[in-house]
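Position one of the sequence shown corresponds to residue 0 (numbering that gives the first Met the number 0), numbered consecutively onward.
Input: a single structure, listed below in structure tokens.
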Amino acid sequence: MIQNKPLNNKFVASISLQLMVVMTTMVMITAGCNNEQRQQAGSSVETQKPLLQVPQFDADSAYAYVKQQVDFGPRVPETEAHAAAVAWITQSLQQWADTVLVQDFVTRVYDNRIFNGKNIIASYNPGSKNRIFLSAHYDSRPYADHDADASNHKTPIDGANDGASGTGVLMELARQLHLHPVSRGIDIILFDLEDYGPPQDTQTDQGSDSWGLGSQHWSANPHQPNYNARYGILLDMVGAADATFPLEGFSMYYAPDITKRVWETAAAAGYGDYFVFEKGTYITDDHYFVNTIANIPTLNIIHLEPGSVNGTFYDHWHTTSDDITQIEPATLKAVGQTLLAVIYQKSF
Ligand SMILES: [Zn+2]
Numbered sequence: 000m001i002q003n004k005p006l007n008n009k010f011v012a013s014i015s016l017q018l019m020v021v022m023t024t025m026v027m028i029t030a031g032c033n034n035e036q037r038q039q040a041g042s043s044v045e046t047q048k049p050l051l052q053v054p055q056f057d058a059d060s061a062y063a064y065v066k067q068q069v070d071f072g073p074r075v076p077e078t079e080a081h082a083a084a085v086a087w088i089t090q091s092l093q094q095w096a097d098t099v100l101v102q103d104f105v106t107r108v109y110d111n112r113i114f115n116g117k118n119i120i121a122s123y124n125p126g127s128k129n130r131i132f133l134s135a136h137y138d139s140r141p142y143a144d145h146d147a148d149a150s151n152h153k154t155p156i157d158g159a160n161d162g163a164s165g166t167g168v169l170m171e172l173a174r175q176l177h178l179h180p181v182s183r184g185i186d187i188i189l190f191d192l193e194d195y196g197p198p199q200d201t202q203t204d205q206g207s208d209s210w211g212l213g214s215q216h217w218s219a220n221p222h223q224p225n226y227n228a229r230y231g232i233l234l235d236m237v238g239a240a241d242a243t244f245p246l247e248g249f250s251m252y253y254a255p256d257i258t259k260r261v262w263e264t265a266a267a268a269g270y271g272d273y274f275v276f277e278k279g280t281y282i283t284d285d286h287y288f289v290n291t292i293a294n295i296p297t298l299n300i301i302h303l304e305p306g307s308v309n310g311t312f313y314d315h316w317h318t319t320s321d322d323i324t325q326i327e328p329a330t331l332k333a334v335g336q337t338l339l340a341v342i343y344q345k346s347f
């Protein structure tokens, strides 16, 4: 993912085009909330219903899922390590989810080569109309183009944090959903080809469509005809020690109510040091394409650190040192436990 430049013409034009859709969506969300509140107020049975017990997110299990991905080697599309990761992630999810499908697609990367991509989608209660989705990318970047050592700039990265951490958290979440079934529909969508944007030295302001190729494909061609979800949550770089997740810009633009509720849920669960209630910058990540193409309000839990060496992301972003030593189970726990609270306790 890259930091968006808010004054870029393309950005402004894109926002204007989406404004009507966004306003309509926001009205629909508000209407939905009011309706839900009315139903609860009018039904004593509903209000007396005990809250579901929130399962305990197992951070050691999530860590093991992150490490296994890294152990395959960099999951760069069209490599053996990537194929091995797809097979392992898919087989793992098949143990836990009601249905798992691999969405194959063909796409053109920034230098015009044609790649075969695979989005992995695990679903719970596939017949339910009341759905949310949770997502991350599982591919890793082919270029360590922000490495301090320029000779590493063409080296693929382990992507322990950038890619594997979000996928590892969602795999543990998938396991918990199997152990503690819920009635609403949940889709776990693991996007491919998020991080195949052009190397830093060739990037231009027009390059943002080269990122998020899996989410662009899925947003235009969802795995089910007429697929809809009430909202989506994206995870990206959720494993570093002392990570901070501010309120990312596009999340607050397209999904402000859900974003605030997730951050409030995190604080109530004791994770307010991670989920800081401060406005973050705008990041062109998979959620941007889901918001603008699929029109599903989607937020991004992403580690932002304006004081870092690269000025936006954590210090090891897009370097050869984004390896397993950067992963801290306590951070995986903060994110995973927050998601479980959203699903089991808050039910929004
Ligand atoms: Zn990245």
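Virtual Cβ for every residue (Gly too), placed ideally from N, Cα, C.
*Thinking just about the alpha-carbon of each residue, which of Asn124, Ala63, Ile342, Gly279 is nearest to the one in Thr311?*
Gly279
*For Gly211, name the three-state secondary structure that DSSP assigns.*
coil
*Alpha carbon to alpha carbon, what distance is there between Pro73 and Tyr287?*
25 Å
_If contacts are defined as beta-carbon pairs under 8 Å, then Phe114 and Glu77 qualify, I think. What distance do you get, rounded to the angstrom?_
6 Å
_Candidates Leu339, Ile1, Phe347, Lys345: closest to Arg174 by CA position_ = Leu339
*Might you give, ordered along the chain, the residues of its own chain that have their beta carbon closer than 8 Å to the beta carbon of Arg107, omitting 5 neighbours on each side?*
Ile113, Phe114
*Taking 7 Å as the cut-off, is the CB of Met170 close to at least one heavy atom of ligand 1?*
no
*Would you mind giving the Cβ-Cβ distance between Val85 and Val75, rounded to the nearest angstrom? I have them listed as a contact below 8 Å.*
Contact doesn't hold; Cβ gap of about 12 Å is too wide.
_Quick check: what's the CA-CA separation for Pro125 versus Leu172?_
17 Å
*Neighbourhood of Ser164 by C-beta distance below 7 Å, restricted to the same chain and skipping five residues each side*: Val65, Met236, Val237, Gly238, Ile326, Leu331
*Please list, in chain order, all residues of the same chain as Leu176 whose beta carbon is under 7 Å from its beta carbon, the five residues on each side excluded.*
Trp95, Tyr123, Ile185
*Please confirm whether Ile88 and Tyr142 have their CB atoms less than 8 Å apart.*
no
*Contact check, Asp146 vs Thr318, beta carbons under 8 Å*: yes
*Compare the C-alpha of Tyr226 against each of His315, Val308, Ser150, Ile292 and name the closest.*
Ile292
_Considering just the uninterrupted stretch of the alpha helix (DSSP H) at Ile88, what are its terminal residues?_
79-95
*What residues in its chain sit with their C-beta under 8 Å from that of Asp59, if we drop five residues either side in the sequence?*
Pro328
*Identify, in the order they occur along the chain, each residue of the same chain with its Cβ nearer than 7 Å to the Cβ of Ala268, setting aside the five sequence neighbours on each side.*
Gln336, Thr337, Ala340
*Using the beta-carbon count (16 or more within 10 Å), is Asn299 buried or exposed?*
buried
_Secondary structure of Lys66, DSSP reduced to three states_ = helix
*According to the neighbour-count rule (16 or more other Cβ atoms, all chains shown, within 10 Å of its Cβ), is Thr283 buried or exposed?*
buried
*asked:* So, at 7 Å on beta carbons, what are the nonlocal neighbours of Val334 in its own chain, with the 5 sequence-adjacent residues on each side left out?
replied: Val168, Leu234, Val237, Ile300
_Asp144 versus Ala83 - alpha carbon distance_ = 25 Å
*Which residue spans inside the segment 264-306 form an unbroken beta strand (DSSP E) run of at least 3?*
297-301
*Identify, in the order they occur along the chain, each residue of the same chain with its Cβ nearer than 7 Å to the Cβ of Phe56, setting aside the five sequence neighbours on each side.*
Glu171, Gln175, Lys332, Gly335, Gln336, Leu339
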